[in-house]
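Residue numbers (UniProt numbering): 227 to 934. Ideal placement from N, C-alpha and C gives every residue a C-beta, glycine not left out. All values derive from a computational prediction rather than experimental measurement. For reference, the structure is listed below as structure tokens.
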Ligand code: SF4
């Protein structure tokens, strides 16, 4: 900008996984504007969130003192946190007192009830260093693998399928590779809202001749740029994708050389899709057989075809099967291992890739080393100097169930440490999740605001916002990027890395990370060793110099590998494993009583549970209230008009909300973003899980709609 500022500080956007590089312009210790920097993912572009969504940092509701729940004040899981009530519920404390108290409680529960009685949720909006240290604290200090984060609600099923199929959970090709593709299949993703700068690269490519195929029950903005739109019926992904694979194989379009040399299990896949002809699937998925065949042919014949997908694929009880079909489609057509091809699960949060890489997941150490693999466990026991639990821990939704387990259950969760995550808004079936949180014997929440989760805590620790700390995050493209501290945290708020270490010390861990900003460089360096070769060449000094480096990166002179799987897959036999999938219906189907389908998701202006963006002035002004999108025909059929208030009810909960007309929403469905506490979509969602990824079915449950 042209403003006169005191300093300019280079960082990374704190919202989505695109990973735009930014510069904070700071004057009088306030961020006054944000500029796009020329980063490899954004080339100076920003979306409305990155450009205008920064003043939450200066919001007067920032937590500035440690808080301890007053004695005798019950945890009210039916009320949203009202600022006017805070002081009735919590009292201010010093750091010394709050840390001693909370660490003492956690340690007491561990010693009395065993190591399985504690759990921790980190967050994908924290840095890699925070994620690494948090999981290390849980594994070595709490003593179990009960550690997870929002990837469980995001791409856990995609990652399960990718680890099984190609041996790596990360993307094969970067977003900007779309310009080298003849065709891109965008499925279960609304990139214009959720990965806006990435969407601009897709639109640019379309202008230069790349064919976009949009496959989604909701026709969103990117559809305007599409060559073909496949508006399949919600929940019928496997039917449609198997019909495409069927077409490729039966019409002789499979890349047999690729399959022979680089794939396994092809015969089983071929056998399985035999019954999935486009003609047989047309009535199920609602896409004309001709269109399925046409798109399958174009995909197979393209010089390069690439698949980009989002939560529409992953958030189903068959999310892993959906992703298996995508892997199979790419593989039978040989559309992987070269530029302009491959598999790209668009990562949601800015650091969901990195937090997972750093081991913030219950079944794996850093770099996806399984905790139940003796060799991997031995390595980490040696590295951390401590014996480790050999059983995978519980996942996000399982931890909530375990919090409500009977007293006799030896795995009952009694104490939790939550850093930056807001499960009282983001988990499915919120009444259940909030009740679980409220029933914990001790809950400590570390955050920058009194979130709906912090409201149920015994101790609330005031943390630092992203512009107040230095750390790395890894974007959807496997780029490790450095954010630098632009501001000092307000009041007594502290950097998260400092807080984790203070708790660790008090539960008996002997850690010593020396250096500036709570030893962030030392933590990074330890994580780099723990990740073995993957980021070997990405040293802290290099990040300070280059801001962004892509992995795999094997040495300091390695520029990083934008395309992977070129020669072989990182599986045991070097081949991609094809895994057949069959149709599994949603856990809860519409019926006479609950005839509509509820689809949840995000919108351009608001980020996840809204704790940051709803406190950002510009974003809140653009989208101040919750709305439920329905198409014009359904609105008319109910005798409603856009703007009317409706009540949406599932078997688990209900919200009152304004109707918004969106003709891209399919018939018989309603779409509600989950950012609004006053109309929390997740009160209604279903906690049924995908058996492999343990991801809940956010994209499908049955609801009824009433006027008023
Ligand atoms: Fe931030 Fe994503 Fe927008 Fe870029 S596209 S500015 S990373 S929210």
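- Is it right to say residue 395 is buried, meaning 16 or more other beta carbons lie within 10 angstroms of its own, or is it exposed? buried
- Close Cβ partners of residue 710 (< 7 Å) along its chain, the five nearest in sequence each way excluded: 235, 236, 237 and 696
- Task: Apply the 10 Å Cβ neighbour rule to residue 486 and answer buried if 16 or more other Cβ atoms are within range, or exposed otherwise.
- Result: exposed
- Nearest-angstrom Cα separation, counted from residue 883 out to residue 900: 12 Å
- Message: Please determine whether the Cβ atom of residue 536 lies at a distance below 8 Å from any heavy atom of the ligand SF4.
- Response: no
- Compare the C-alpha of residue 669 against each of 626, 656, 441 and 694 and name the closest. 626
- Task: Kindly indicate which residue of 829, 870, 818 and 872 has the alpha-carbon position closest to the one of residue 447.
- Result: 829
- Other residues of its chain near residue 929: CB distance less than 7 Å, five sequence neighbours each side excluded: 820, 822, 824, 874, 875, 876, 896 and 910
- Would the C-beta of residue 245 count as close to the ligand SF4, meaning under 8 Å from any of its heavy atoms? yes
- Task: Keeping to the same chain, check which residues put their C-beta closer than 6 Å to that of residue 914; ignore five residues upstream and five downstream.
- Result: 543, 813 and 923
- Message: Among the candidates 934, 684 and 772, whose CA atom is the shortest distance from the CA of residue 332?
- Response: 684
- Message: With three or more beta-carbon pairs closer than 8 Å as the criterion, would you say the region 698-717 touches the region 397-415?
- Response: yes
- Message: Let's see if you can read the secondary structure: which residues bound the beta strand (DSSP E) around residue 698?
- Response: 697-700
- Message: Which of the three DSSP states is assigned to residue 375 in this structure?
- Response: coil
- Query: How would you call residue 298, buried or exposed, if buried means at least 16 neighbouring beta carbons within 10 angstroms?
  - Reply: exposed
- Query: Between residue 534 and residue 415, is the Cβ-Cβ spacing less than 9 Å?
  - Reply: yes
- Query: Which runs of the beta strand (DSSP E) spanning at least 3 residues fall entirely within the region 612-684, listed in chain order?
  - Reply: 641-645 and 668-673
- Task: Using only alpha-carbon positions, find the residue among 847, 281, 277 and 241 that is nearest to residue 713.
- Result: 281
- Query: Which residues does DSSP pair with residue 855 in a beta bridge?
  - Reply: 886 and 897
- Cβ pair residue 232, residue 249 closer than 9 Å: no
- Taking the continuous alpha helix (DSSP H) assigned at residue 495, which residues delimit it? 492-499
- Query: Say the cut is 8 Å; is the CB of residue 406 nearer than that to a heavy atom of the ligand SF4?
  - Reply: no
- Query: What residue from 586, 590, 616 and 676 has the CA that sits closest to residue 600's CA?
  - Reply: 616
- Within 10 angstroms of its Cβ, does residue 925 collect 16 or more other Cβ (buried), or is it exposed? buried
- Task: Could I get the ranges of all uninterrupted alpha helix (DSSP H) runs contained in the region 399-485, with 4 residues as the minimum, in chain order?
- Result: 417-420, 422-433 and 463-476
- Message: Measuring only the C-alpha atoms, how far is residue 467 from residue 524?
- Response: 14 Å
- Exposed or buried, residue 845, counting other C-beta atoms within 10 Å across all chains shown (16 or more means buried)? buried
- Task: With DSSP as the reference, label residue 785 as helix, strand or coil.
- Result: coil
- Query: Can you tell me the Cα-Cα spacing of residue 886 and residue 632, whole angstroms?
  - Reply: 43 Å
- Query: Leaving out the 5 sequence neighbours to the left and right, which residues in its chain are closer than 6 Å to residue 244 when beta-carbon positions are compared?
  - Reply: 267, 421, 423 and 424
- Using DSSP bridges, identify the partner residues of residue 242. 575
- Query: Would the beta-carbon of residue 458 fall within 9 Å of that of residue 545?
  - Reply: no
- Using the rule of at least 16 other Cβ atoms within 10 Å of the residue's Cβ for burial, across every protein chain shown, is residue 308 buried or exposed? exposed
- Message: Among the candidates 893, 836 and 797, whose CA atom is the shortest distance from the CA of residue 490?
- Response: 797
- For residue 444, does the count of other Cβ atoms within 10 angstroms reach 16, so buried, or fall short, so exposed? buried
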